[in-house]
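A.B. asks: FYI, the numbering for the sequence shown is -16 to -1, 1 to 496, going by mature numbering (1 follows the signal peptide of the UniProt record, and there is no 0).
We treat Cβ as the ideally placed atom computed from N, Cα and C, and that holds for glycine.
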Amino acid sequence: MSSSLNLASYIAIGLAGFVVHNAVSSRKHPPYPPGPRTLPMIGNAHQMPTDKEWLAFTEMAQDHGDIVHLTVLGRHIVVLNSPKVVHDLLDRRSAIYSDRPTLTMAGEMIGYVDSIPLHPYDPNHRLARKYLGQALAPREVRGWHRMIQDTNLEFLRQLQVSPATFIGQIRKLVAATVLQMSHAHKVTEDDDWLLQLAELADHEFSVASTPGAFLVDMLPQLRHIPEWLPGAGFQRKAREWRKTTIDLRDEPYKYISQQLQNGTAQPSFTASLIENNPNPTPEEETVLKWTSVAFYVGKSFPFLTVSAITSFFLAMLINPEVQRKAQAEIDKVVGSSRLPTFDDRDDLVYLDAVLKEVHRWNPVANLGIPHLLTEDDHYEGFYLPAGSTVIANNWGILHNHALYPNPFDFNPDRYPPRSSDKRPAATETNPDPRTFVFGYGRRICPGRHLAEDSLFITAAMLLSVFNILPCIDEDGCPVETKVEYTGGTISHPTPFRCRLELRSPEAERLIS
């Protein structure tokens, strides 16, 4: 390719390819779902948001309905905006909605194409899901409850010593839990090598996999342009971030392999994977490597849980009456002579409602990772072509006024106690938000049981001993807390400050 070509030339080549493809593939079919008006050749490319896409998609849903169709340079995008639509398609028709679209930046250029979140729905993916499903089944997670409680006790002690670093302590807590399970690795310092590697990879993956963040995802031909060309800064990012991806895939696996060879390995998920799969082929070993780090890659347990716990802190800070009510329930059920345990969970009904509302109020995965439709489909008279990228607008569903009255209010009372453990139907008012936030169909998050258990015990133990209070300014007045969240595949609260105050001398004794 001539070096005289500039970015505009590559875009022109891409558009020409689109025109040819569109002419060849054009045929009569039922109508597409409604959507914004398109422009010639580029479709809706000019309307595709690049930050907090869920807000734009929610506005489109208000104009066009529960299922919105967009085209971007010949690629079909279908956005689902209601419980009925997401469950009809992603759950009930999961056989044809479980693949992943090619994410040029995150998948091919950076290297996450073989990771569990982005891997095509093929035998290797199903095998990896089988391994994870066995390790993260409810019964297996219950076997880790004592370790999780002990890790949370250390978390409380660290909060007492350094309350201002609570966000960092949350990350350390969750990492300590998951790395103990996955690699029998104990995190004792903030600069732990495996903790830092996982957090760096999470940040890069979240940015790279955000729909619309990189033009190369719309025009894959751009991946071949040289790095020095104006407008090709994504090439430098891809080169740098790919190093992180390779380290994430290889180094933790090598770490446990060497321990097994030396006879020093402790029981862990990764150790079991390696021992149960001796002499793998290179392809099989790649599957094992990505499976071993699936606990903390992409939209996985630790980063979902970090965001959820941080949101819990924020929600309690700005809703003191909810905090007091949850603490009163804990005091009644648990008393002041011990800390809460998992055995108390069924009796902490209001706290369960609080945690549901944390998931709904500002969900950690506002869109989730897109699905790929593998066959032509028809739904309610509309045509959905094979190859469509299908996106569930979780944020739009969880802030739908008809489903959740006054959706911007943090209101745990919207979830009345139920007489059974069966989750409510997704079409009724105030359905359980967990129906949506952990994914759908055959791509549902395998770590959801661990995530829910971890959020519960952290919230219960925290509120039993600490009050979460606003900081005080120099005039003695409470500092106002702004509720703001980041964009990206996983959304986190932007940094905020709070005070942590021990509730009583008995509380101090319990964590000393």
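For Val3, is the classification buried or exposed, using 16 other Cβ atoms within 10 angstroms of its Cβ as the cut-off for buried?
C.D. replies: To locate residue 3, count along the sequence shown from 1; it is residue 19. Per-residue confidence for Val3 stands at a pLDDT of 48, beneath the threshold of 50, marking its modelled position as unreliable; no derived number is given.
A.B. asks: Using the beta-carbon count (16 or more within 10 Å), is Cys482 buried or exposed?
C.D. replies: Here residue 482 is taken as the residue at index 498 of the sequence shown, counted from 1. Cys482 comes out buried.
A.B. asks: Just checking: is the beta-carbon of Ala29 within a distance shorter than 7 Å of some beta-carbon in chain B?
C.D. replies: The structure shown contains no chain B, having only a single protein chain.
A.B. asks: Asp98: buried (16+ other C-beta within 10 angstroms of its C-beta) or exposed?
C.D. replies: Counting from one through the sequence shown, the residue named residue 98 turns up at place 114. Per the 10 Å Cβ criterion, buried.
A.B. asks: I'd like to check one pair, Asn378 with Phe420: are the Cβ atoms closer than 7 Å?
C.D. replies: On the sequence shown, position 436 is the one that residue 420 refers to. On the sequence shown, position 394 is the one that residue 378 refers to. In this structure, Asn378 lies closer than 7 Å to Phe420 by Cβ.
A.B. asks: Give the straight-line distance between the Cα atoms of Arg427 and Pro33, rounded to the nearest whole angstrom.
C.D. replies: The residue labelled residue 427 in the question sits at position 443 within the sequence shown. The residue labelled residue 33 in the question sits at position 49 within the sequence shown. Answer to the nearest angstrom: the Cα atoms are 25 Å apart.
A.B. asks: Using the Cβ count rule (16 or more neighbours within 10 Å means buried), how would you classify His30?
C.D. replies: Translated into the one-based positions of the sequence shown, residue 30 becomes position 46. Exposed, since its Cβ has fewer than 16 Cβ neighbours within 10 Å.
A.B. asks: Out of Gln144, Ala168, Leu434, Val290, state which residue places its alpha-carbon closest to the alpha-carbon of His187.
C.D. replies: Counting from one through the sequence shown, the residue named residue 187 turns up at place 203. Nearest option by C-alpha distance: Val290.
A.B. asks: Cα separation between Asn303 and Ile132?
C.D. replies: If you number the sequence shown from 1, residue 303 lands on position 319. If you number the sequence shown from 1, residue 132 lands on position 148. The straight-line gap from Cα to Cα measures roughly 27 Å.
A.B. asks: Taking Met89 as the reference, give the member of Pro324, Thr265, Ser193 with the closest Cα.
C.D. replies: Stepping through the sequence shown from its first residue, residue 89 is reached at position 105. Per the Cα distances, Ser193.
A.B. asks: Closest to Ile456 by CA distance: which of Ser448, Thr465, Val449 is it?
C.D. replies: As a position in the sequence shown, residue 456 is number 472, starting the count at 1. Nearest of Ser448, Thr465, Val449 to Ile456, Cα basis: Thr465.
A.B. asks: Leu351 and Val62 - do their beta-carbons sit closer together than 7 Å?
C.D. replies: Along the sequence shown, read from residue 1 onward, the residue named residue 62 stands at position 78. Along the sequence shown, read from residue 1 onward, the residue named residue 351 stands at position 367. No, these two residues do not count as a Cβ contact at 7 Å.
A.B. asks: Hey, out of Arg84, Met25, Ala45, whose CA is closest to Ile353's CA?
C.D. replies: Translated into positions along the sequence shown, residue 353 becomes position 369. The shortest Cα separation from Ile353 among Arg84, Met25, Ala45 belongs to Arg84.
A.B. asks: Which word fits Leu244, buried or exposed, when buried means at least 16 other C-beta atoms lie within 10 angstroms of its C-beta?
C.D. replies: Numbered from 1 along the sequence shown, position 260 holds the residue referred to as residue 244. By the 10 Å Cβ count, Leu244 comes out exposed.
A.B. asks: Determine the direct distance from the alpha carbon of Ser276 to that of Glu313, and round the result to whole angstroms.
C.D. replies: Working through the sequence shown from its first residue, we reach residue 313 at position 329. Working through the sequence shown from its first residue, we reach residue 276 at position 292. Cα to Cα, Glu313 sits roughly 39 Å from Ser276.
A.B. asks: Just checking my contact of Thr42 with Gly380 at CB under 8 Å: how many whole Å lie between their CB atoms?
C.D. replies: On the sequence shown, position 58 is the one that residue 42 refers to. On the sequence shown, position 396 is the one that residue 380 refers to. About 4 Å separates the two Cβ atoms, so the contact holds.
A.B. asks: Count Cβ pairs between the stretch 430 to 443 and the stretch 117 to 135 that sit closer than 8 Å; are there 3 or more?
C.D. replies: yes
A.B. asks: Mind pulling the beta strand (DSSP E) runs of 3 or more residues that sit fully within the stretch 442 to 484?
C.D. replies: 450 to 453
A.B. asks: Using CA coordinates, which residue listed in Thr294, Thr86, Asp47 is at the minimum distance from Gln153?
C.D. replies: As a first step, residue 153 is located in the sequence shown; it is residue number 169 there, counting from the start. Of the listed residues, the one whose Cα sits closest to Gln153 is Thr294.
A.B. asks: Closest by CA to Met165, which one among Ser252, Gly58, Glu92?
C.D. replies: Stepping through the sequence shown from its first residue, residue 165 is reached at position 181. Per the C-alpha coordinates, the member of Ser252, Gly58, Glu92 positioned closest to Met165 is Ser252.
A.B. asks: The alpha helix (DSSP H) with His167 in it runs from where to where?
C.D. replies: To locate residue 167, count along the sequence shown from 1; it is residue 183. For His167, the enclosing alpha helix (DSSP H) covers residues 150 to 167.
A.B. asks: Which residue's Cα is closest to the Cα of Pro122: Pro430, Arg223, Gly365, Arg207?
C.D. replies: Counted from its first residue, the sequence shown places residue 122 at position 138. Ranking Pro430, Arg223, Gly365, Arg207 by Cα distance to Pro122 puts Pro430 first.
A.B. asks: Taking 7 Å as the cut-off, decide whether the C-beta atoms of Thr373 and Ile80 are in contact.
C.D. replies: In the sequence shown, counting from the first residue as 1, residue 373 sits at position 389. In the sequence shown, counting from the first residue as 1, residue 80 sits at position 96. Contact flag unset, no.
A.B. asks: Compare the Cα-Cα distances from Glu37 to each of Ile26, Gly58, Asn65, Leu484 and report the closest residue.
C.D. replies: The residue given as residue 37 occupies position 53 in the sequence shown. Glu37 has its Cα closest to that of Asn65, out of Ile26, Gly58, Asn65, Leu484.
A.B. asks: Which two residues bound the contiguous beta strand (DSSP E) that contains Arg59?
C.D. replies: Along the sequence shown, one-based indexing puts residue 59 at 75. Counting along the chain, the beta strand (DSSP E) containing Arg59 begins and ends at 59 to 64.
A.B. asks: Just mark His355 as buried or exposed, buried being the case when its beta carbon has 16 or more other beta carbons within 10 Å.
C.D. replies: Your numbering for residue 355 matches position 371 in the sequence shown. His355 comes out buried.
A.B. asks: Anyone know if the C-beta pair for Val463 and Pro454 falls short of 7 Å?
C.D. replies: One-based indexing of the sequence shown puts residue 463 at position 479. One-based indexing of the sequence shown puts residue 454 at position 470. Yes, these two residues count as a Cβ contact at 7 Å.
A.B. asks: Within the same chain, show all residues whose beta-carbon is closer than 6 Å to that of Phe296, passing over the 5 residues directly before and after it, in chain order.
C.D. replies: Counting from one through the sequence shown, the residue named residue 296 turns up at place 312. If we look at Phe296 and ignore the five residues flanking it on each side, its Cβ neighbours are Val342, Ala443.
A.B. asks: Looking only at its own chain, which residues have a Cβ that is under 7 Å from the Cβ of Thr161, when we skip the five neighbours before and after it?
C.D. replies: Within the sequence shown, numbered from 1, the residue matching residue 161 stands at position 177. Closer than 7 Å at the Cβ level, and outside the excluded window around Thr161, lie Ile132, Thr135, Ser438.
A.B. asks: Tell me the start and end of each unbroken beta strand (DSSP E) in the stretch 36 to 90 that is at least 3 residues and wholly inside, in chain order.
C.D. replies: 51 to 56, 59 to 64
A.B. asks: Kindly give me the distance between the Cβ atoms of Arg488 and Val318, rounded to whole angstroms, as I take these residues to be in contact under 8 Å.
C.D. replies: Stepping through the sequence shown from its first residue, residue 488 is reached at position 504. Stepping through the sequence shown from its first residue, residue 318 is reached at position 334. Checking the sequence shown, residue 488 turns out to be Ser, not Arg. Going by Cβ atoms, the distance from Ser488 to Val318 rounds to 13 Å, so no, they are not a contact pair.
A.B. asks: Do you know whose CA, among Arg155, Arg110, Lys340, lies nearest Tyr399's CA?
C.D. replies: As a first step, residue 399 must be located in the sequence shown, where it is residue number 415. When each option's Cα is compared against that of Tyr399, the closest is Lys340.
A.B. asks: Could you name the residues of the same chain whose beta carbon sits closer than 6 Å to that of Arg141, not counting the 5 residues immediately before and after it, in chain order?
C.D. replies: Indexing the sequence shown from 1 puts residue 141 at position 157. Excluding positions up to five away in sequence, the list reads Ile495.
A.B. asks: Leaving out five residues before and five after Phe218 in sequence, what residues of the same chain have Cβ atoms less than 7 Å from its Cβ?
C.D. replies: Here residue 218 refers to the residue found at position 234 of the sequence shown. Excluding residues up to 5 positions away in sequence, Met89, Phe198, Val200 lie with their Cβ nearer than 7 Å to the Cβ of Phe218 in the same chain.
A.B. asks: Please classify Ser(-13) as buried or exposed, where buried requires at least 16 neighbouring CB atoms within 10 angstroms.
C.D. replies: Position 4 of the sequence shown, counting from 1, holds the residue named residue -13. With a pLDDT of only 37 at Ser(-13), under the threshold of 50, the placement of this residue in the model should not be trusted, and no figure is reported.
A.B. asks: Taking all protein chains shown into account, do 16 or more other C-beta atoms lie within 10 angstroms of the C-beta of Asp330, making it buried, or fewer, making it exposed?
C.D. replies: For the purposes of this step, residue 330 is taken as residue 346 along the sequence shown, with counting starting at 1. By the neighbour-count rule (16 or more Cβ atoms within 10 Å), Asp330 is not buried but exposed.
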